[in-house]
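The opening residue of the sequence shown carries number 329 in my numbering; numbering runs sequentially from there.
To start, the structure itself, in structure tokens.
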Amino acid sequence: MDRIRIRGGRRLEGRIAIGGAKNAALPLMATGLLTQAPVILTNAPALADVATMGHLIAQHGLTVEHDRDSRRILLDGAATQFEAPYDLVRKMRASILVLGPLLARYGQARVSLPGGCAIGTRPVDLHLKGLEQMGAVIDLDSGYINATVPKGQNGGRLKGARILFPQVSVGATENLLMAATLAEGTTQLINAAREPEITDLANCLISMGARIEGVGSDRLTIHGVDSLHGTTHAILPDRIEAGTFACAGAITGGELLLEGMTLDLFGACTRSLREAGVEMIQEEDGVRTRRLNGLHGVDVMTEPFPGFATDMQAQFMALMAVAEGASMITETIFENRFMHVPELARMGARINAHGSSAIVRGVKRLSGAPVMATDLRASVSLIIAALAAEGETTVNRVYHLDRGYERIEEKLAGVGADIARLQG
Ligand code: UD1
Numbered sequence: 329m330d331r332i333r334i335r336g337g338r339r340l341e342g343r344i345a346i347g348g349a350k351n352a353a354l355p356l357m358a359t360g361l362l363t364q365a366p367v368i369l370t371n372a373p374a375l376a377d378v379a380t381m382g383h384l385i386a387q388h389g390l391t392v393e394h395d396r397d398s399r400r401i402l403l404d405g406a407a408t409q410f411e412a413p414y415d416l417v418r419k420m421r422a423s424i425l426v427l428g429p430l431l432a433r434y435g436q437a438r439v440s441l442p443g444g445c446a447i448g449t450r451p452v453d454l455h456l457k458g459l460e461q462m463g464a465v466i467d468l469d470s471g472y473i474n475a476t477v478p479k480g481q482n483g484g485r486l487k488g489a490r491i492l493f494p495q496v497s498v499g500a501t502e503n504l505l506m507a508a509t510l511a512e513g514t515t516q517l518i519n520a521a522r523e524p525e526i527t528d529l530a531n532c533l534i535s536m537g538a539r540i541e542g543v544g545s546d547r548l549t550i551h552g553v554d555s556l557h558g559t560t561h562a563i564l565p566d567r568i569e570a571g572t573f574a575c576a577g578a579i580t581g582g583e584l585l586l587e588g589m590t591l592d593l594f595g596a597c598t599r600s601l602r603e604a605g606v607e608m609i610q611e612e613d614g615v616r617t618r619r620l621n622g623l624h625g626v627d628v629m630t631e632p633f634p635g636f637a638t639d640m641q642a643q644f645m646a647l648m649a650v651a652e653g654a655s656m657i658t659e660t661i662f663e664n665r666f667m668h669v670p671e672l673a674r675m676g677a678r679i680n681a682h683g684s685s686a687i688v689r690g691v692k693r694l695s696g697a698p699v700m701a702t703d704l705r706a707s708v709s710l711i712i713a714a715l716a717a718e719g720e721t722t723v724n725r726v727y728h729l730d731r732g733y734e735r736i737e738e739k740l741a742g743v744g745a746d747i748a749r750l751q752g
């Protein structure tokens, strides 16, 4: 199993090209199920999760081609198979995003329940309740979601509904948004998630002929249409990858230009990084981040966009581990998302986690150690800590990193990090 070895203490400086957003690419790929015409996605990242989504959609019967050189994904043809099997869904929870499109276009879907996940229980009840409100009949058996639209209902077509989410959910908003584009009548999604990836999805759907109002707000109105056509859509930059590199640069006292990134995509992360002592400037070809002087402890609480992203919590904690003063980090989106805490502690961080909050008391220096990756963002927080640590760190189980970061060791080495992937 691959490991990553980092020798800390090098200041990072230079330019890093930010890839297309993983969390936009996955729902965008599911739009291929809404039409028979070709959907072409450009700026597609070469990530393990994107490959998993490609396999899933291909086994539904579509042609899926991912050309890594030109960064294009082509999705073409009609679905002939409506089951998303456990073997693929268990690898990636976002597989649930095929449910809404399959139901909307074909009136049937059988999708394995995603099951447990390292960062909390993460149910899918909001997805299912919304689809039921749109007329789907859903039952759960042997670990599968069986969903159909009764033939007697508008010839097997979902119907528009007013759906009020009791809790903000990115995935449920995306699933219901896609489903509603082909439903009969108007759907309202109230208390919808507002993440930039949802705006990207809505814009792609509009370019396919969908009628959506309120894009970018927490209230989406979708007037269903009879069919959607193909499109070519450029995936927006990955704000989590960019934020990760901003923390990596800052912890080394460095300066990076995050190419292709725009500040508005960061939401509250910009303010928190600035308060911590990191300059963030929008330039023509990207965002420049530069550590001014020392780092200061800053309190953050994770929230739906535009609040501080839960996917940036672990990386920010690594930064706070060497800041002056204390920082209180509160996780409100997922339970059990502090798995990086004991690993950071092995590197000398002083962190006290209790329930959904962690107090980080900055230390002068971290020290390298062998550590274990537990989930995607937790693993990258260990790399960030290692960049500033004295001595050598090896991060084990790096397959987690490959789910969401493309060639991370090459990108960091390119701006001066002493980092290498050790095979086997
Ligand atoms: C997406 C992102 C993930 C990010 C998360 C929150 C993708 C592929 N993944 O995940 O990286 O960390 O948003 O920004 O885009 N919930 C329910 N019932 C549901 C659905 C969700 O209770 O039916 C709860 C979850 O357990 C969680 C909260 O709602 O506590 C938010 O989850 P959600 O926004 O749905 O996250 P994902 O879409 O899975």
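Don't be surprised by glycine CBs; every beta carbon is placed ideally from N, CA and C.
Is residue 363 near the ligand UD1, judged by its Cβ being under 7 Å from some heavy atom? In this structure, residue 363 has its CB at a distance of at least 7 Å from all heavy atoms of the ligand UD1.
I believe residue 651 touches residue 624 by the beta-carbon criterion, under 8 Å. Please report the beta-carbon distance rounded to the nearest angstrom. Between residue 651 and residue 624 a beta carbon distance of about 6 Å is seen, short of the 8 Å cut, so the two are scored as contacting.
Could you compute how far the alpha carbon of residue 570 sits from the alpha carbon of residue 603? Distance from the CA atom of residue 570 to the CA atom of residue 603, rounded to whole angstroms, is 18 Å.
Are the Cβ atoms of residue 664 and residue 525 separated by less than 8 Å? No, the Cβ-Cβ distance between residue 664 and residue 525 is not below 8 Å.
How would you call residue 279, buried or exposed, if buried means at least 16 neighbouring beta carbons within 10 angstroms? Examination of residue 279 is not possible in this model, given that the chain is present from 329 through 752 alone.
Which runs of the beta strand (DSSP E) at least 3 residues long sit entirely within the region 457-539? Give them in chain order. Counting only runs of 3 or more, we get 465-469, 472-476, 490-492 and 514-518.
What residues in its chain sit with their C-beta under 6 Å from that of residue 609, if we drop five residues either side in the sequence? Excluding positions up to five away in sequence, the list reads 616.
C-alpha gap between residue 699 and residue 629, whole angstroms: The straight-line gap from Cα to Cα measures roughly 26 Å.
Exposure of residue 360, with buried meaning 16 or more beta-carbon neighbours within 10 Å: Residue 360 should be labelled buried.
Figure out for me which residue from 363, 736, 414 and 373 has the closest Cα to the Cα of residue 391. Put simply, of 363, 736, 414 and 373 the residue whose alpha carbon is nearest the alpha carbon of residue 391 is 363.
Do the region 540-556 and the region 585-603 meet, that is, are 3 or more Cβ pairs less than 8 Å apart? In the pairwise beta carbon analysis, the region 540-556 is classified as not touching the region 585-603: fewer than three pairs are separated by under 8 Å.
Neighbourhood of residue 611 by C-beta distance below 8 Å, restricted to the same chain and skipping five residues each side: So the list reads 585, once near-sequence residues are dropped.
Would residue 406 be called buried (16 or more neighbouring beta carbons within 10 Å of its own) or exposed? Label assigned to residue 406: exposed.
Alpha-carbon spacing of residue 704 relative to residue 440, whole angstroms: Rounded to whole angstroms, the separation of the alpha carbons of residue 440 and residue 704 is 22 Å.
Could you tell me which residues DSSP pairs with residue 385 in its beta bridges? In the DSSP output, where bridge partners are listed per residue, residue 385 has none listed.
Which residue from 384, 574 and 410 puts its Cα closest to that of residue 417? Considering only alpha carbons, the answer is 384.
Distance cut-off 7 Å: residue 455 Cβ against heavy atoms of the ligand UD1: Placement of the Cβ of residue 455 at a distance of less than 7 Å from at least one heavy atom of the ligand UD1 is found.
C-beta contact flag for residue 485 and residue 477 at 8 Å: Going by C-beta atoms, residue 485 is nearer than 8 Å to residue 477.
I'd like to check one pair, residue 389 with residue 409: are the Cβ atoms closer than 8 Å? Yes.
Residue 462 beta carbon less than 8 Å from that of residue 507: Yes, the Cβ-Cβ distance between residue 507 and residue 462 is below 8 Å.
Roughly how many whole angstroms lie between the Cα atoms of residue 464 and residue 740? Rounded to whole angstroms, residue 464 and residue 740 show a C-alpha spacing of 47 Å.
Kindly indicate which residue of 573, 400, 357 and 474 has the alpha-carbon position closest to the one of residue 502. Measuring C-alpha to C-alpha distances from residue 502 to each of 573, 400, 357 and 474 identifies 357 as the nearest.
CB contact flag (residue 677, residue 334, <8 Å): Not a contact, by the Cβ cut-off of 8 Å.
Restricting to Cα atoms, I'd like to know which of 691, 459 and 481 is closest to residue 473. The residue among 691, 459 and 481 with its C-alpha nearest the C-alpha of residue 473 is 459.
In or out: residue 415 buried (at least 16 other Cβ within 10 Å) or exposed? Exposed: under 16 other Cβ atoms inside 10 Å.
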